[in-house]
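In my numbering, the protein residues as written are 9 to 106.
C-beta: ideal position from N, C-alpha, C; glycine also.
Source: prediction; values computed, not measured.
Heads up, the thing below is written out as structure tokens.
And the structure:
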């Protein structure tokens with residue numbers, strides 16, 4: 009049979025099963041720091057939905073909670089540990105020679 013005359017078959021798509029990382033009794037808000045910290049990388053970035061394996065609704069709520077916690081200074085915007093160590097080593101007080 010010619011390729012043009014063959015019927016078009018859709019491949020079976022694989023759908024991810026989302027893991028229940030957020031329990032029903034957990035509240036997603038900026039005060040629940042133990043829950044929020046799970047969804048932040050070492051650099052302080054919000055992890056993507058693919059990495060977190062959350063639903064769209066939960067990812068949106070987590071993102072809003074993280075942003076609120078950052079604005080209220082409960083979380084840092086970025087984790088500057090390497091920069092602060094580097095700056096503290098490079099700052100040297102110079103004294104005037106007499």
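In summary, residue 82 is exposed, with fewer than 16 beta-carbon neighbours lying within 10 Å of its beta-carbon over all protein chains present. The alpha-carbon separation between residue 41 and residue 34 amounts to approximately 11 Å.
Excluding five sequence positions before and after residue 85, the CB atoms of its chain that fall closer than 7 Å to its own CB belong to 52 and 78, given in chain order. DSSP, read as helix, strand or coil, puts residue 36 in coil. Residue 20 has its alpha-carbon roughly 31 Å from the corresponding atom of residue 70.
Per DSSP, reduced to three states, the secondary structure at residue 54 is strand. Around the CB of residue 45, fewer than 16 other CB atoms lie within 10 Å, so the residue is classed as exposed. For the options 60, 13, 50 and 54, the alpha carbon positioned closest to that of residue 30 is the one of 60.
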